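Chains as they are written, first to last, in our numbering: chain Z, -18 to 266; chain H, -18 to 266.
Comments concern the structure below.
Number of protein chains: 2
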Amino acid sequence: MTKAAHRIDPDTAHGFHDLWQARYGGGLSPSPPAAPNPVLQSLLAHRSVRAFDPAPLEEGTLEWLIAAAQSAPSSSNLQTWSVVAVEDAERKARLAEFAGNQGHVREAPLVLVWLADLARLRGLAQQAQVPIEGADYLDSSLMGVIDAVLAAQNAVIAAQSLGLGTVYLGAIRNHPERVAAELGLPPGVFAVVGLCVGRPDVSRPAAVKPRLPQSAVLSRERYSPSQTQGHVRNYDATMQSFYASQGMPVARWSEHSLARLRGPEQLKGRHRLVEALQAQRIGLR
Amino acid sequence: MTKAAHRIDPDTAHGFHDLWQARYGGGLSPSPPAAPNPVLQSLLAHRSVRAFDPAPLEEGTLEWLIAAAQSAPSSSNLQTWSVVAVEDAERKARLAEFAGNQGHVREAPLVLVWLADLARLRGLAQQAQVPIEGADYLDSSLMGVIDAVLAAQNAVIAAQSLGLGTVYLGAIRNHPERVAAELGLPPGVFAVVGLCVGRPDVSRPAAVKPRLPQSAVLSRERYSPSQTQGHVRNYDATMQSFYASQGMPVARWSEHSLARLRGPEQLKGRHRLVEALQAQRIGLR
Chain Z
-18 MTKAAHRIDP
-8 DTAHGFHDLW
2 QARYGGGLSP
12 SPPAAPNPVL
22 QSLLAHRSVR
32 AFDPAPLEEG
42 TLEWLIAAAQ
52 SAPSSSNLQT
62 WSVVAVEDAE
72 RKARLAEFAG
82 NQGHVREAPL
92 VLVWLADLAR
102 LRGLAQQAQV
112 PIEGADYLDS
122 SLMGVIDAVL
132 AAQNAVIAAQ
142 SLGLGTVYLG
152 AIRNHPERVA
162 AELGLPPGVF
172 AVVGLCVGRP
182 DVSRPAAVKP
192 RLPQSAVLSR
202 ERYSPSQTQG
212 HVRNYDATMQ
222 SFYASQGMPV
232 ARWSEHSLAR
242 LRGPEQLKGR
252 HRLVEALQAQ
262 RIGLR
Chain H
-18 MTKAAHRIDP
-8 DTAHGFHDLW
2 QARYGGGLSP
12 SPPAAPNPVL
22 QSLLAHRSVR
32 AFDPAPLEEG
42 TLEWLIAAAQ
52 SAPSSSNLQT
62 WSVVAVEDAE
72 RKARLAEFAG
82 NQGHVREAPL
92 VLVWLADLAR
102 LRGLAQQAQV
112 PIEGADYLDS
122 SLMGVIDAVL
132 AAQNAVIAAQ
142 SLGLGTVYLG
152 AIRNHPERVA
162 AELGLPPGVF
172 AVVGLCVGRP
182 DVSRPAAVKP
192 RLPQSAVLSR
202 ERYSPSQTQG
212 HVRNYDATMQ
222 SFYASQGMPV
232 ARWSEHSLAR
242 LRGPEQLKGR
252 HRLVEALQAQ
262 RIGLR
């Protein structure tokens, strides 16, 4: 059951049960939703794409991605986010270098860098000569992060609907000062995540990645995820067969995940985030 | 042009240009996307819903929302998030009280509280007797926030596709300790955003909210948003006529936004976030 799950091609899987199978490797099968629809199907069929056709995107694509992004909710409608669209090959190469040397950053025709942005409102406050001390608190920075991520995820879904693939770059935070200098970010602005966008290279297709069972992430009324040990053991096995099917180095998910957080040296520069945010005048109070 | 924008009903607007008009009040009109599709249409038609039919959701709905949420990307596939589904009337009433006394928290049949969750991996590390010092850094907490928000936004889009409305509750962070106690959150877990979910009350419909023009949030190659002052003046006017059309108190967006961040007392408890996160053992190093 588990082994077959990832072989389903989401582009040809018309049933929700097929997509459910690919995401969870079987297990829980709720009744199909009251109104099966192409939006839900598209969400379930998502997978990150790391192999791109480098051809530029069709004209107007970026504007529709941004319209989708701006259609996401924004906390108190403050719109404390911005985005920089990078298409220049040399700038992409430098960003790739700053972000863990991932080849797809060079390959993708478009890299979007999503920014938490308190600078716009700080600028307005300065013009209006009113205090904006609230912007100095961690919660306001978090608001900027949340706004940026909501916008980015809408762009991801919009891109997929247009036949494009995407992959996030958390590694854009490996060297925040270099990214800030490269993109000319003013005080009050920092890069939360990057996003590669492009037409997927069909010769190197991506697969739907299985996730932990719902019982691991969902609780009712109070926090009480079900028996961690049992579901992690099963999920380790599911992911081992997934990696094998993708020709990737086979690892236990639990070991791989714990290795990623072993200590500061595994954060690849991100253990310096506080220092970098202070340099960028991001509120942490 | 601006005045007419918000009168468009996204449910009956079949053209992308109508939705574009509602979101921006005219202005930039790129050519329609190469492959207009229902996903993009649904994204552009989004609006937050604050008036709900309190009837419970159909069976299986929650599971599909969670499947959509788990289909969102996750940083390094660490899945550092969880969610608590609250349906109990008394618990919803208490959460409403903690979150700025917003009536729709009581009204919505389902409230989802999205959590940054480093506790699952900390638990695994303890079992495996390996260090997990990386979890103590701010970047890892930020990863949890990003994972939680990506998941939440997928659930929002899934809910909308099933005919449901949603509204985020940033105010769930007004009193983090009370929310943590109410939901039994262990160390390493904190509530990032809440989300009300339910069938929209058709007698109190919500409208698509206009946003800043794209030139205010989008830069090419380097950060350089266009002339803030000009577009803010226009946007203030757009929002004044939007609020008037909704029978809401008319305010300038810029003044309202600056008032929201004037000082710590305007943060309604959120100026204490650092203290609350420390109490919850969230890494801030």
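The beta carbon of each residue, even a glycine, is placed where N, CA and C say it ideally should be.
Keep in mind it's a predicted model, so treat the numbers as computed, not measured.
In the DSSP assignment, find the alpha helix (DSSP H) that holds Asp120 of chain H and state where it starts and stops. Taking the second sequence and counting its residues from 1, the one referred to as residue 120 of chain H is at position 139. Where Asp120 of chain H is concerned, the enclosing alpha helix (DSSP H) stretches over Leu119 to Ser142.
Arg262 of chain H versus Ser57 of chain H - alpha carbon distance: Residue numbering aside, residue 262 of chain H sits at position 281 when the second sequence is read from its first letter. Residue numbering aside, residue 57 of chain H sits at position 76 when the second sequence is read from its first letter. Answer to the nearest angstrom: the Cα atoms are 22 angstroms apart.
Could you work out which residues of chain Z lie near Thr209 of chain H, taking near to mean beta carbons separated by less than 9 angstroms? In the second sequence, counting from the first residue as 1, residue 209 of chain H sits at position 228. Result: Arg101, Gly104, Leu105 and Gln108.
Residue-level contact to chain H via CB, Gln261 of chain Z, 8 angstroms cutoff: Stepping through the first sequence from its first residue, residue 261 of chain Z is reached at position 280. By this cut-off, Gln261 of chain Z is not an interface position.
8 angstroms is my cut-off, CB to CB: does Trp45 of chain Z come that close to chain H? By one-based count along the first sequence, residue 45 of chain Z stands at place 64. Answer yes: the Cβ-Cβ gap between Trp45 of chain Z and chain H drops below 8 angstroms somewhere.
By Cβ distance below 8 angstroms, which residues in the same chain neighbour Leu38 of chain Z in space, the five residues on each side in sequence not counted? Translated into positions along the first sequence, residue 38 of chain Z becomes position 57. Same-chain partners within the cutoff: Pro90, Leu91, Leu145, Val178, Gly179 and Arg180.
So which residues on chain Z does Trp62 of chain H lean against when the C-beta distance must stay under 8 angstroms? Your numbering for residue 62 of chain H matches position 81 in the second sequence. The answer, in chain order, is Val198.
To the nearest angstrom, how far is it from the Cα of Thr42 of chain Z to the Cα of Ile138 of chain Z? Taking the first sequence and counting its residues from 1, the one referred to as residue 42 of chain Z is at position 61. Taking the first sequence and counting its residues from 1, the one referred to as residue 138 of chain Z is at position 157. C-alpha of Thr42 of chain Z to C-alpha of Ile138 of chain Z: approximately 13 angstroms in a straight line.
List the residues of chain H that Asp69 of chain Z touches, going by C-beta distances under 7 angstroms, in chain order. Taking the first residue of the first sequence as 1, we reach residue 69 of chain Z at position 88. Those are Glu202, listed as they occur along chain H.
Given that Trp95 of chain Z touches chain H, what residues does it touch there, using C-beta distances under 7 angstroms? One-based indexing of the first sequence puts residue 95 of chain Z at position 114. Result: empty, since nearest Cβ-Cβ is about 10 angstroms, beyond 7 angstroms.
Residues near Arg241 of chain H by beta carbon distance below 8 angstroms, same chain, minus five either side: If you number the second sequence from 1, residue 241 of chain H lands on position 260. Closer than 8 angstroms at Cβ, skipping near neighbours: Gln247.
In terms of alpha-carbon separation, which member of H:Asp117, H:Pro194 and H:Arg103 lies closest to Val111 of chain H? Taking the second sequence and counting its residues from 1, the one referred to as residue 111 of chain H is at position 130. If we check each option's Cα against that of Val111 of chain H, H:Arg103 comes out closest.
Three-state secondary structure assigned by DSSP to Leu9 of chain H: If you number the second sequence from 1, residue 9 of chain H lands on position 28. Residue placement at Leu9 of chain H is poorly supported in this model, since its pLDDT is 49, which falls under 50; the coordinates are not used for a value here.
Threshold first: 4 residues or longer. Then list the alpha helix (DSSP H) segments lying entirely within the segment 159 to 230 of chain H, N to C. 195 to 198 and 209 to 226
So, does the CB of Val126 of chain H fall closer than 8 angstroms to a CB anywhere in chain Z? Position 145 of the second sequence, counted from the first residue, corresponds to residue 126 of chain H. Answer yes: the Cβ-Cβ gap between Val126 of chain H and chain Z drops below 8 angstroms somewhere.
Quick one: what does DSSP say Ser63 of chain Z is sitting in, helix, strand or coil? Start at 1 with the first residue of the first sequence, and residue 63 of chain Z comes out as number 82. The answer is strand: DSSP assigns Ser63 of chain Z an E or B state.
What residues from chain Z crowd round Ile113 of chain H, counting only those whose CB sits closer than 9 angstroms? Residue mapping note: residue 113 of chain H aligns to position 132 of the second sequence, counting from 1. Within chain Z, the residues near Ile113 of chain H are Leu239, Leu242, Arg243 and Gly244.
Less than 8 angstroms between the C-beta atoms of Ala257 of chain H and Glu158 of chain H, yes or no? Position 276 of the second sequence, counted from the start, is the residue given in the question as residue 257 of chain H. Position 177 of the second sequence, counted from the start, is the residue given in the question as residue 158 of chain H. Going by C-beta atoms, Ala257 of chain H is nearer than 8 angstroms to Glu158 of chain H.
Between H:Ala172, H:Thr147 and H:Tyr5, which lies nearest to Val94 of chain H when the distance is taken from Cα to Cα? As a first step, residue 94 of chain H must be located in the second sequence, where it is residue number 113. For the residues H:Ala172, H:Thr147 and H:Tyr5, the minimum Cα distance to Val94 of chain H belongs to H:Ala172.
Partner residues on chain Z for Arg4 of chain H, Cβ-Cβ distance less than 7 angstroms: The residue given as residue 4 of chain H occupies position 23 in the second sequence. Here the neighbours are Ala48, Gln51 and Ser52.
Cα separation between Ala109 of chain Z and Gln210 of chain H? As a working note, residue 109 of chain Z is residue 128 in the first sequence. As a working note, residue 210 of chain H is residue 229 in the second sequence. If you take the alpha carbons of Ala109 of chain Z and Gln210 of chain H, they lie about 11 angstroms apart.
Please confirm whether Trp1 of chain Z has its beta-carbon closer than 8 angstroms to some beta-carbon of chain H. Within the first sequence, numbered from 1, the residue matching residue 1 of chain Z stands at position 20. Judged by the 8 angstroms Cβ criterion, Trp1 of chain Z is in contact with chain H.
Ignoring anything shorter than 3 residues, give me the beta strand (DSSP E) runs that lie fully in the segment 38 to 95 of chain Z, in order along the chain. 62 to 67
Looking only at its own chain, which residues have a Cβ that is under 7 angstroms from the Cβ of Arg233 of chain Z, when we skip the five neighbours before and after it? Taking the first sequence and counting its residues from 1, one reaches residue 233 of chain Z at position 252. Excluding positions up to five away in sequence, the list reads Asp217 and Gln221.
I'd like the list of long-range same chain contacts for Gly125 of chain H, defined as Cβ closer than 7 angstroms, with 5 residues on each side in sequence excluded. Within the second sequence, numbered from 1, the residue matching residue 125 of chain H stands at position 144. So the list reads Thr61, Trp62, Ala97, Asp98 and Leu99, once near-sequence residues are dropped.
Just reading off the alpha helix (DSSP H) that Val255 of chain Z is part of, what are its end residues? Position 274 of the first sequence, counting from 1, holds the residue named residue 255 of chain Z. Unbroken alpha helix (DSSP H) run through Val255 of chain Z: Leu254 to Ala260.
Taking three-plus beta-carbon pairs below 8 angstroms as touching, is the segment 159 to 169 of chain H in contact with the segment 195 to 206 of chain Z? yes
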